[in-house]
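To start, the structure under review is shown below, and the notes come after it.
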Amino acid sequence: MATVAGERDSSLWVILLTFTVAMLFSVVSLPEFIPWQLGYLRPQWVELVLIYWIMALPHRIGIFSAWVLGLFVSLLCQFAFFFLSNSIA
C-alpha cells in the first residue's frame, strides 16, 4: 500500500511540473528571427499537455482540473501582459 501512495505522489509532481513548463512556454516570447506574422504558428502548449494527461490519466485529470488550469493560465497571461506593458513604458 505504501508504494501505491508513493507512486501517486510522484505522479502528481510530474503532472504539475509538465503543466508549469507548458504555462511558461505559453508566455515566453518568440525569438527575434521569427517574424511576428508567424506568431500564430506557436503551439498551444497548455492545451496539448492537458489533452495528453486527460487521455493518459482520465481518472486523475478531468473537467475540474481543466477549469483550474484555465484560470491559472488566464491569470498568468494577464500578469505577463501587465508586466510587459509596464516595463516598456
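Under this note's numbering, think of the first position of the sequence shown as -13, with each following residue one higher. The beta-carbon is built from N, C-alpha and C at its ideal position, and this holds for glycine as well. Computed from a prediction, not measured in an experiment: that's the story for all the values here.
The segment 53 to 71 and the segment 7 to 20 touch, with no fewer than 3 CB-CB distances between them shorter than 8 Å.
For Val35, the enclosing alpha helix (DSSP H) stretches over residues 31 to 42. Secondary structure of Leu16 (DSSP, three-state): coil.
Pairing Leu36 with Arg28 gives a Cβ-Cβ distance that is not under 8 Å. Nearest Cα to Phe67 within the set Val13, Arg46, Leu57: Val13.
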